[in-house]
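Chemist: Protein sequence lines, in the order shown, are assigned to chains C and B.
Under the numbering used here, the residues of the first sequence are numbered 53 to 333, in order.
Under the numbering used here, the residues of the second sequence are numbered 142 to 503, in order.
First the structure, which I've put down as structure tokens, then a few questions once you've had a look.
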Amino acid sequence: MSARTRRRAETQAETHSGAGRIAHFGWLGPLALAFYAFLYSPIVVLIAYSFNDSRFAMIWQGFSLKWYATVLENGDIQTAALNSLVVATAATAISVSIATVAALALARGGAFRGKTLSMGLIALPIVVPEIVTAVATLMFFSAIGLSLGLGNLIIAHTVFCIPFAFMPIRARLQGMDETLEQAAADLYASRWEAFRLVTLPLLAPGIFAGAVLAFVISLDDFIISLMISDAGTTTLPVYIFSMIRRGVTPEVNAVSTILFSVSLVLVSIYWLASRPKKDEA
Amino acid sequence: MSESIAGTEAIGIRNAVKRYGDFTALKGVTLSIADNEFFTLLGPSGCGKTTLLRMIAGFEAVSEGEIVLYGERIAHLPPDKRPVNTVFQHYALFPHMSVFDNVAFGLRRLRKPPGEVERTVREMLALVHLQDFADRLPGQLSGGQQQRVALARALAPHPQVLLLDEPLSALDLKLRQAMRGELQRLQRDTGITFVFVTHDQEEALAMSDRIAVLRAGEVQQVGTPEDIYLRPENRFVADFIGDTNFIEARVERVLEGAAELIIDGGIRVRARLSHRVAPGEAVTLSLRPENIVITAPGEGLAEARVLAQTFLGPNSLVTLELPGGTRLHWRRSNQSGGGQGLGPGESVGLRFAEDAIAVLRS
Numbered sequence: 053m054s055a056r057t058r059r060r061a062e063t064q065a066e067t068h069s070g071a072g073r074i075a076h077f078g079w080l081g082p083l084a085l086a087f088y089a090f091l092y093s094p095i096v097v098l099i100a101y102s103f104n105d106s107r108f109a110m111i112w113q114g115f116s117l118k119w120y121a122t123v124l125e126n127g128d129i130q131t132a133a134l135n136s137l138v139v140a141t142a143a144t145a146i147s148v149s150i151a152t153v154a155a156l157a158l159a160r161g162g163a164f165r166g167k168t169l170s171m172g173l174i175a176l177p178i179v180v181p182e183i184v185t186a187v188a189t190l191m192f193f194s195a196i197g198l199s200l201g202l203g204n205l206i207i208a209h210t211v212f213c214i215p216f217a218f219m220p221i222r223a224r225l226q227g228m229d230e231t232l233e234q235a236a237a238d239l240y241a242s243r244w245e246a247f248r249l250v251t252l253p254l255l256a257p258g259i260f261a262g263a264v265l266a267f268v269i270s271l272d273d274f275i276i277s278l279m280i281s282d283a284g285t286t287t288l289p290v291y292i293f294s295m296i297r298r299g300v301t302p303e304v305n306a307v308s309t310i311l312f313s314v315s316l317v318l319v320s321i322y323w324l325a326s327r328p329k330k331d332e333a
Numbered sequence: 142m143s144e145s146i147a148g149t150e151a152i153g154i155r156n157a158v159k160r161y162g163d164f165t166a167l168k169g170v171t172l173s174i175a176d177n178e179f180f181t182l183l184g185p186s187g188c189g190k191t192t193l194l195r196m197i198a199g200f201e202a203v204s205e206g207e208i209v210l211y212g213e214r215i216a217h218l219p220p221d222k223r224p225v226n227t228v229f230q231h232y233a234l235f236p237h238m239s240v241f242d243n244v245a246f247g248l249r250r251l252r253k254p255p256g257e258v259e260r261t262v263r264e265m266l267a268l269v270h271l272q273d274f275a276d277r278l279p280g281q282l283s284g285g286q287q288q289r290v291a292l293a294r295a296l297a298p299h300p301q302v303l304l305l306d307e308p309l310s311a312l313d314l315k316l317r318q319a320m321r322g323e324l325q326r327l328q329r330d331t332g333i334t335f336v337f338v339t340h341d342q343e344e345a346l347a348m349s350d351r352i353a354v355l356r357a358g359e360v361q362q363v364g365t366p367e368d369i370y371l372r373p374e375n376r377f378v379a380d381f382i383g384d385t386n387f388i389e390a391r392v393e394r395v396l397e398g399a400a401e402l403i404i405d406g407g408i409r410v411r412a413r414l415s416h417r418v419a420p421g422e423a424v425t426l427s428l429r430p431e432n433i434v435i436t437a438p439g440e441g442l443a444e445a446r447v448l449a450q451t452f453l454g455p456n457s458l459v460t461l462e463l464p465g466g467t468r469l470h471w472r473r474s475n476q477s478g479g480g481q482g483l484g485p486g487e488s489v490g491l492r493f494a495e496d497a498i499a500v501l502r503s
């Protein structure tokens, strides 16, 4: 606990002195603004035109919510959204379970052969180009003849969700004082009791943060989903892509805006959950 | 090495060895801690004192040897099966549980009925003066209060032995001194054997019934605070606890339990013996600076010249030089009316207090 407080204080100190140093570079401010404008103005435009009364995406004719109504009435979009939610929920549940066990083994399991290798393997899906994973997964599934419908998507999503679920859980575990578990054992708790009563409640914010992150990553995934899904298992991002190919109407903007809002909310929850709390200091 | 102990043995450590790969942290430690004793493991960092404590608690396995708790071998048991509790250096309170739940934790794991849990927790919180803090979270308490919660939590299951791992080191000086008396009181009130680990010699001297001084994984001396301070057996113990003068000497004559020795090329002194020496042998003596008695010139055992004087508040440390060149530190009290200070170059006579010199083992 105290170690974490100290670390936080150091981080704050660094941030402070860092800000002081940055102030010396006057051009950095405008540059940062330009960067953010470049990054976010397309999204702002996309959202703005989702309220467009026109049939054409890029010609403004007045404010309207009619495209949102169209989205909500579109059965294909509903199916795709439902698919996305099912896949994301299942992939999150499985990947968080695996990530939690992996984090416990790596942070608390002592030294074992292949520990560094295990760490690398868990993080690998982050660095391997997604298209490579996608093609490999597709070929693998067809090679073994696996066709479980949404099940295929869930398996593929679970794989790349694991590292994202793993990171906040392990970070939380590393910040946790190992003597707490020893104190539990010292006070006659069995290993299971120590885990259930001490480790798990303290790990919960990390697990929650990992779950939200995995959920968002799964929800937004496109390349792998495009390769793995077929006619009946289209996910929302894949469906949006197919809509664009048929011509861009503000309906695309509206459904994208909805997806963006859901992600934004979830990422905000993640951020709030992974923030250190005052009462634990 | 250990002295005879009155009463039952609470903890017996029999030739305990701890190896980490090539490094040996404990090199065959044998200790016997008596029932209802306040026993301190004292030594510099890396001496193995914490390792030894963690071995008693069950957090470290013994590489060799045995640990006996009230006659029962426990070295093979996991921590949750040993009737001992620990007060950790940084308390290790469960941050998500209230003070009450922290203190109740051990009792609940022992499946005590809720009524008894409630009663014992209230009793323990009263014992450490935290009755009104039962519903707080540990993060809402000061360091000293957290320390007392840790004590209450470890005492609540009424362990056979309480292990304390430098529990005062995170507190500030005033609080640390207040907690010394508090710990002694708790030990007396509960009648539980305390095993206390510290690197602070003052803490050890102030609280302990007996002290074991450790160095590099080996027990150097076991004894009461008086034994350790007044009758150190070797150079390490004499040096680690308090200040001392080391004097090179030659054994002149061996008497019963004592010896006559020659120091500084001609001064004849008497010293207590805790081990065998032979006439003619070169040995090192330990003499505490407060055990030098200054007399008028010509009236003491020897003459000395004042070299320097350092004012330290309650006393001053005066450097004296004997005719043969041996330098001694003398602790001179600065009590009011003690006369004026000594100037450098001044000549004085000196003798040594009775029983003040210890012959150290080489």
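For every residue, glycine included, the Cβ atom is placed at its ideal position computed from N, Cα and C.
1) Mind checking B:G159: buried by the 16 CB within 10 Å criterion, or exposed?
2) Out of curiosity, what's the CA-to-CA distance linking B:A399 and B:L371?
3) Just checking, does the region 158-169 of chain C make contact with the region 91-105 of chain C on the three C-beta pairs under 8 angstroms criterion?
4) Give the DSSP-derived three-state secondary structure of B:G322 in the structure shown.
5) Measure the alpha-carbon distance for C:E45 versus B:Q288 and round it to whole angstroms.
6) Among C:R298, C:V307, C:A159 and C:A217, whose alpha-carbon lies nearest the alpha-carbon of C:T141?
7) So, with DSSP's three-state summary, where would you put B:I433?
8) Determine contact between the region 312-328 of chain B and the region 246-265 of chain B, defined as no fewer than three beta-carbon pairs at a distance below 8 angstroms.
9) Which class does C:S308 belong to by DSSP, given the choice of helix, strand or coil?
10) Which of the three DSSP states, helix, strand or coil, is assigned to C:R327?
11) With 8 angstroms as the threshold, decide whether the Cβ of B:N514 is near any Cβ in chain C.
12) Near B:G169, what residues of its chain come up, given a Cβ to Cβ distance below 6 angstroms and the 5 sequence neighbours on each side ignored?
13) Count the other CB atoms within 10 Å of the CB of C:W79; is the residue buried (16 or more) or exposed (fewer)?
14) Just to confirm before moving on: does the CB-CB distance between B:E178 and B:R351 stay below 8 angstroms?
15) Taking C-alpha atoms, which residue in B:A499, B:G439, B:A494 and B:E389 lies nearest to B:G465?
16) To the nearest angstrom, how far is it from the Cα of C:A237 to the Cα of B:N226?
17) To the nearest angstrom, report how far apart B:I154 and B:Y211 are at their CA atoms.
18) Could you check where the alpha helix (DSSP H) with B:D368 kicks off and where it finishes?
19) According to the Cβ coordinates, are B:V302 and B:I152 closer than 8 angstroms?
20) Can you pull the chain B residues whose beta carbon is under 9 angstroms from the beta carbon of C:P84, in chain order?
21) Taking the alpha helix (DSSP H) that C:F238 falls in, what are its first and last residues?
22) By the three-class DSSP mapping on this structure, what secondary structure does B:E495 have?
23) Note down, one range per segment and in chain order, each beta strand (DSSP E) of at least 3 residues found wholly within the region 373-417 of chain B.
24) From C:S294 to C:F274, what distance separates their C-alpha atoms?
25) Looking at chain C, which residues of the region 220-238 of chain B have a Cβ within less than 7 angstroms of any of its Cβ atoms?
26) Less than 7 angstroms between C-beta atoms, sequence neighbours within five positions excluded: which residues of the same chain meet that for C:A154?
27) Is any beta-carbon of chain B found at less than 8 angstroms from that of C:L156?
28) Buried or exposed: where does B:D384 fall if 16 or more other Cβ atoms within 10 Å of its Cβ makes it buried?
29) At a CB distance below 9 angstroms, what residues from the region 197-215 of chain B approach chain C? Give them in sequence order.
30) Taking C-beta pairs closer than 9 angstroms, name the residues in chain C that B:G247 reaches, listed in chain order.
31) Tell whether a beta-carbon distance below 8 angstroms holds between B:L501 and B:R376.
32) In whole angstroms, what is the alpha-carbon distance linking B:F335 and B:A353?
33) Less than 8 angstroms between C-beta atoms, sequence neighbours within five positions excluded: which residues of the same chain meet that for B:G441?
34) Opposite B:W471 in the DSSP bridges: which residues?
35) Helix, strand or coil: how does DSSP classify B:I333 here?
36) Mapping DSSP to helix, strand and coil, what is C:L117?
Modeler: Walking through what the data contain:
1) Residue mapping note: residue 159 of chain B aligns to position 18 of the second sequence, counting from 1. Looking at the sequence shown, residue 159 of chain B is not Gly but Lys. When all chains shown are included, B:K159 counts as buried.
2) For the purposes of this step, residue 399 of chain B is taken as residue 258 along the second sequence, with counting starting at 1. For the purposes of this step, residue 371 of chain B is taken as residue 230 along the second sequence, with counting starting at 1. Using only the alpha carbons, I get a separation of about 15 angstroms.
3) The region 158-169 of chain C is not in contact with the region 91-105 of chain C.
4) As a first step, residue 322 of chain B must be located in the second sequence, where it is residue number 181. Helix at B:G322.
5) Residue 45 of chain C lies beyond the stretch modelled for chain C, which goes from 53 to 333, so this question has no answer here.
6) If you number the first sequence from 1, residue 141 of chain C lands on position 89. Residue C:A217 is the option with its Cα nearest to C:T141.
7) To locate residue 433 of chain B, count along the second sequence from 1; it is residue 292. Correct three-state label for B:I433: strand.
8) Between the region 312-328 of chain B and the region 246-265 of chain B, the count of C-beta pairs closer than 8 angstroms stays below three; the two stretches do not touch.
9) Position 256 of the first sequence, counted from the first residue, corresponds to residue 308 of chain C. The answer is helix: DSSP assigns C:S308 an H, G or I state.
10) As a first step, residue 327 of chain C is located in the first sequence; it is residue number 275 there, counting from the start. Here C:R327 sits in coil by DSSP.
11) No information on residue 514 of chain B is available, as it lies outside the stretch 142 to 503 that chain B covers here.
12) The count along the second sequence starts at 1 and reaches residue 169 of chain B at position 28. Only N156 and V158 meet the Cβ criterion.
13) Looking up residue 79 of chain C in the first sequence gives position 27. Exposed, since its Cβ has fewer than 16 Cβ neighbours within 10 Å.
14) By one-based count along the second sequence, residue 178 of chain B stands at place 37. By one-based count along the second sequence, residue 351 of chain B stands at place 210. In contact: B:E178 and B:R351 (Cβ atoms closer than 8 angstroms).
15) Residue mapping note: residue 465 of chain B aligns to position 324 of the second sequence, counting from 1. Selected option, being the one with the closest Cα: B:E389.
16) Counting from one through the first sequence, the residue named residue 237 of chain C turns up at place 185. Counting from one through the second sequence, the residue named residue 226 of chain B turns up at place 85. Rounded to whole angstroms, C:A237 to B:N226 spans 10 angstroms at the Cα level.
17) On the second sequence, position 13 is the one that residue 154 of chain B refers to. On the second sequence, position 70 is the one that residue 211 of chain B refers to. For B:I154 and B:Y211, the distance between alpha carbons rounds to 11 angstroms.
18) For the purposes of this step, residue 368 of chain B is identified with residue 227 of the second sequence, where counting begins at 1. Looking at the DSSP string, the run of the alpha helix (DSSP H) that includes B:D368 is P366 to L371.
19) Looking up residue 302 of chain B in the second sequence gives position 161. Looking up residue 152 of chain B in the second sequence gives position 11. Yes, they are a contact pair.
20) As a working mapping, residue 84 of chain C is identified with position 32 in the first sequence. Residue identity differs from the one stated: residue 84 of chain C is Ala in this sequence, not Pro. Going along chain B, no residue has its Cβ under 9 angstroms from C:A84, so there is no contact; the nearest lies around 37 angstroms.
21) Here residue 238 of chain C corresponds to residue number 186 of the first sequence, with the count starting at 1. Residue 238 of chain C is actually Asp in this sequence, not Phe. From DSSP, the alpha helix (DSSP H) with C:D238 extends over T231 to D238.
22) The count along the second sequence starts at 1 and reaches residue 495 of chain B at position 354. The answer is coil: DSSP assigns B:E495 none of H, G, I, E or B.
23) 386-396, 399-404 and 408-413
24) Within the first sequence, residue 294 of chain C is the residue found at index 242, counting from 1. Within the first sequence, residue 274 of chain C is the residue found at index 222, counting from 1. Between C:S294 and C:F274, the C-alpha separation is close to 12 angstroms.
25) P220, D221, N226, T227, F229, H231, A233, F235, P236 and H237
26) Mapped onto the first sequence, residue 154 of chain C falls at position 102. Cβ neighbours of C:A154 beyond the five flanking positions: I174 and F218.
27) What you label residue 156 of chain C is simply residue 104 of the first sequence in a count that begins at 1. For C:L156, the answer is no, since every Cβ of chain B falls outside 8 angstroms of its Cβ.
28) What you label residue 384 of chain B is simply residue 243 of the second sequence in a count that begins at 1. Exposed: under 16 other Cβ atoms inside 10 Å.
29) A198, G199 and F200
30) Position 106 of the second sequence, counting from 1, holds the residue named residue 247 of chain B. Within chain C, the residues near B:G247 are D238, L239, Y240 and A241.
31) The count along the second sequence starts at 1 and reaches residue 501 of chain B at position 360. The count along the second sequence starts at 1 and reaches residue 376 of chain B at position 235. Taking 8 angstroms as the Cβ cut-off, B:L501 and B:R376 qualify as a contacting pair.
32) Working through the second sequence from its first residue, we reach residue 335 of chain B at position 194. Working through the second sequence from its first residue, we reach residue 353 of chain B at position 212. The alpha-carbon atoms of B:F335 and B:A353 are separated by roughly 13 angstroms.
33) Position 300 of the second sequence, counted from the start, is the residue given in the question as residue 441 of chain B. Counting only Cβ-Cβ distances below 8 angstroms, and skipping sequence neighbours, we find V434, I435, V489, G490, L491 and R492.
34) Position 330 of the second sequence, counting from 1, holds the residue named residue 471 of chain B. According to DSSP, residue pairing for B:W471 in a beta bridge involves B:V459.
35) As a first step, residue 333 of chain B is located in the second sequence; it is residue number 192 there, counting from the start. In the structure shown, the three-state DSSP call for B:I333 is coil.
36) Within the first sequence, residue 117 of chain C is the residue found at index 65, counting from 1. Three-state DSSP puts C:L117 in coil, outside helix and strand.
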